[in-house]
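Working notes, beginning with the structure itself.
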């Protein structure tokens, strides 16, 4: 009888050990299995803009690193809000659907547009991979040769100067509002669904200026003049472009672009994706810098801290807009 009890004791002990081992190694099993099928990578803006250009550069490298197809697609509208709101409603937290997102877009839109349909904290941020400063741009044929020319005309003709940009309450829009306040002028902002449509609107003379990103100044240097750059210092790729700070206006801002997963995606999957994007970022860095991008590598806590810092940077102008009823 004692031998029988000992035998059952040993069996139960082994069974318990196996059960504990299975529980402890479960996350490793999940990690080892991901990814097993294609990943959908959504871009919330038109083809041809900064988000799209970067995603196309990333695509083939991500596929090699992750070992599965990565398919980039576009869903435009609302300066990104259409795609981001649908993503938060419908995407499964399994890592197989990811989306490019931007700050300050995802900070400002939910505050200023009650119908934005998504929340700033409704994502699991995988990484912030680059930054592009805002730039005030005009055609080479424009009578505005300097920022002083632009401001002088805007003061004499309130509301007459049309300025195109990517989205409402986006990085472009918010820094145009900061320029209005700093210079004491009134401009008319014309939002587009991404950077792509901003180019023909500006070059075709449909709008007098654009508040967009450094990339356009680099890419269209033969056709576009940069009146001022919203950066701390001049960029090597735009050595002739002065900063707003040089010209007496404390305006530094632009867009940080990154990629996010649905809320609730397991941290081990987020890490796999983050590692793949970090490696890809290093591979495409030279191409991105030559296009006018500034590379960043914010993942994990750094990604969260960057979002918090940018929220504070835009807090004053957002509160001012809100006090005026959200219309500016």
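Numbering (our numbering), first residue to last: 1 to 328. Cβ coordinates follow ideal geometry from the N, Cα and C atoms, glycine included.
If you follow the alpha helix (DSSP H) that residue 313 is in, where does it begin and where does it stop? 300-313
- Message: Could you tell me the alpha carbon to alpha carbon distance between residue 205 and residue 168, rounded to whole angstroms?
- Response: 21 Å
For residue 268, which of 71, 61, 291, 126 has the nearest alpha-carbon? 126
Residue 322 (DSSP reduced to helix, strand or coil): helix
query: Taking DSSP as the reference, what is the three-state secondary structure of residue 169?
result: coil
Using the three-state DSSP reduction, which class does residue 237 fall into: helix, strand or coil? coil
Indicate the three-state DSSP secondary structure (helix, strand or coil) for residue 85 in the structure shown. helix
(message) Mapping the DSSP letters down to three states, classify residue 125 as helix, strand or coil.
(response) strand
Beta-carbon contacts of residue 262 that lie in its chain and below 6 Å, excluding the five residues immediately before and after = 91, 93
- Query: How about residue 226 and residue 136: do their beta carbons lie closer than 9 Å?
  - Reply: yes
Less than 9 Å separating the beta-carbons of residue 216 and residue 210?
yes
Option in 246, 283, 256 with minimal Cα separation from residue 51
256
Just to confirm my understanding: we take residue 73, look at its own chain, exclude 5 residues before and 5 after, and list those with CB closer than 8 Å. What are they? 40, 41, 42, 43
**Prompt:** Can the beta-carbon of residue 104 be found closer than 9 Å to that of residue 265?
**Reply:** no
ask   = Taking three-plus beta-carbon pairs below 8 Å as touching, is the region 301-310 in contact with the region 65-84?
value = no
Checklist entry - DSSP beta-bridge partners for residue 139? => result 224
- Query: Relative to the alpha-carbon of residue 281, which residue among 128, 113, 138 has its alpha-carbon at the smallest distance?
  - Reply: 128
Inset, instruction - Answer with buried or exposed for residue 139, where buried requires no fewer than 16 other C-beta atoms within 10 angstroms of its C-beta. - result: buried
Are residue 102 and residue 214 close, meaning C-beta to C-beta below 9 Å? no
Closest to residue 335 by CA distance: which of 189, 141, 176 is it?
Outside the displayed span of the chain (1 to 328) sits residue 335, for which this structure offers no information.
Rounded to the nearest angstrom, what separates residue 234 and residue 242 at their Cα positions? 6 Å
> Who are the near neighbours of residue 47 in its chain, counting only those whose CB is closer than 7 Å to its CB and skipping five residues on each side?
Replying inline: 74, 196
- Report, in whole angstroms, the separation of the C-beta atoms of residue 107 and residue 154, which I expect to be a contact under 8 Å. That belief does not hold up - the Cβ atoms of residue 107 and residue 154 are roughly 27 Å apart, past 8 Å.
### For residue 119, the nearest candidate out of 82, 191, 278, 279 (CA to CA)
82
- State the Cα-Cα distance for the pair residue 278 and residue 158, rounded to the nearest angstrom. 46 Å
Mind checking who residue 134 pairs with in its DSSP beta bridge?
213
key: Residue closest to residue 293, alpha-carbon to alpha-carbon, out of 322, 236, 313   = 236
For residue 38, does the count of other Cβ atoms within 10 angstroms reach 16, so buried, or fall short, so exposed?
-> exposed
Using DSSP's beta-bridge definition, name the partner residues of residue 57. Looking at the DSSP assignment, residue 57 forms no beta bridge with any residue, so it has no partner.
Notebook entry, point to check: Where does residue 193 fall in DSSP's three states?
Noted result: coil
Check your understanding: Residue range of the alpha helix (DSSP H) that residue 255 falls in?
Key -> Segment 254-262 is the beta strand (DSSP E) holding residue 255; no alpha helix (DSSP H) there.
DSSP three-state call for residue 95: helix, strand or coil?
coil
Going by C-alpha to C-alpha distance, which of 313, 272, 220 sits closest to residue 250?
313
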